[in-house]
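This report concerns only the one structure given below.
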Amino acid sequence: MLALGTAQTQAWGSSYYLPAVLADPIAHDLGISNNWFFAAFSASLVISGLLGSRVGRRIDRVGGRQVLCISNLVLASGLALLGASTSLWMMSAAWLLLGVGIYDAAFGALGRIYGRDARSDTTGITLIAGFASTVAWPLSSFGLATFRWRETCCAWALAHFVIGLAAQSFAPARRSRTHHRRSR
-2 MLALGTAQTQ AWGSSYYLPA VLADPIAHDL GISNNWFFAA FSASLVISGL
48 LGSRVGRRID RVGGRQVLCI SNLVLASGLA LLGASTSLWM MSAAWLLLGV
98 GIYDAAFGAL GRIYGRDARS DTTGITLIAG FASTVAWPLS SFGLATFRWR
148 ETCCAWALAH FVIGLAAQSF APARRSRTHH RRSR
């Protein structure tokens, strides 16, 4: 639960809460209005919502660990592309990619593996991940003050490779369907 909660905190902090600190500097540097920035960000949330059922079906087929690890790779790629963005179109592509990685796969994975017994772990992960803004805003602010927004995005991307993938590797393995059915 601690590993998944940490990974969820990082995922939400480096994507959903990132605009709170970096929207203005990114928009200014790219020469676009904040409206365009937030339009791309909003599109990422729509993409995330549209992919939710597909992600759930994928978890049912292959288990949560693989999906959670892929999520980290997609988020890292999106953040690296965001850090490298030089135009509205690159920034928009980065946010669309980030939208593919922003989803609640951890909860779907726990539900698939533990069924009704997942309630306490789901609550624990929610409580831990609830600190995403508390952790991410100061870290992103520190990165912005110490470096620039581009390096901050790249640092978040690196964190997904180093911390996120390691934490997701502790995600429970898929439980067989027969065992899952018996536990009901």
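Here the numbering used here is used: position 103 in the sequence shown is 100, and no number is missing along the way. Glycine residues also receive a C-beta, built at the ideal position from the N, C-alpha and C atoms.
Need the endpoints of the alpha helix (DSSP H) that residue i sits in, please.
i	result
Tyr111	Ala102 to Tyr111
Gly49	Asn31 to Val59
Leu15	Neither: Leu15 is in no alpha helix (DSSP H) and is coded neither H nor E.
Asp118	Arg116 to Ala126
Mind checking whether residue i and residue j have CB atoms under 8 Å apart?
i	j	result
Leu72	Ser11	yes
Gly61	Ala102	yes
Leu1	Ile122	yes
Met87	Ala37	no
Asn31	Ala20	yes
Leu76	His25	no
Gly105	Val59	no
Asn69	Gly161	yes
Ala154	Gly80	yes
Phe35	Ile23	no
Ser221	Leu27	Residue 221 lies beyond the residue range present for the chain, which begins at -2 and ends at 181; the question has no answer from this structure.
Asp118	Met(-2)	yes
Ile29	Leu85	yes
For residue i, which residues in the same chain have their Cβ closer than 7 Å to its Cβ, ignoring the five residues on either side in sequence?
i	result
Ser41	Trp92, Leu93, Leu95, Gly96 and Ile99
Tyr14	Ala129, Ser130, Ala133 and Trp134
Asp57	Arg109
Ser137	Leu15, Val18, Leu19 and Thr149
Using three-state DSSP, classify residue i as helix, strand or coil.
i	result
Leu88	According to the sequence provided, residue 88 is Met. The question's Leu does not apply to it. Three-state result, Met88: helix.
Thr131	helix
Ser68	helix
Arg145	coil
Phe158	helix
Gly98	helix
Thr83	coil
Gly28	coil
Phe167	coil
Ser11	coil
Asp21	helix
For residue i, I'd like the list of residues in its chain whose CB is within less than 6 Å of its CB, leaving aside the five on either flank, ordered along the chain.
i	result
Phe167	Ala0
Pro16	Phe38
Ala200	Examination of residue 200 is not possible in this model, given that the chain is present from -2 through 181 alone.
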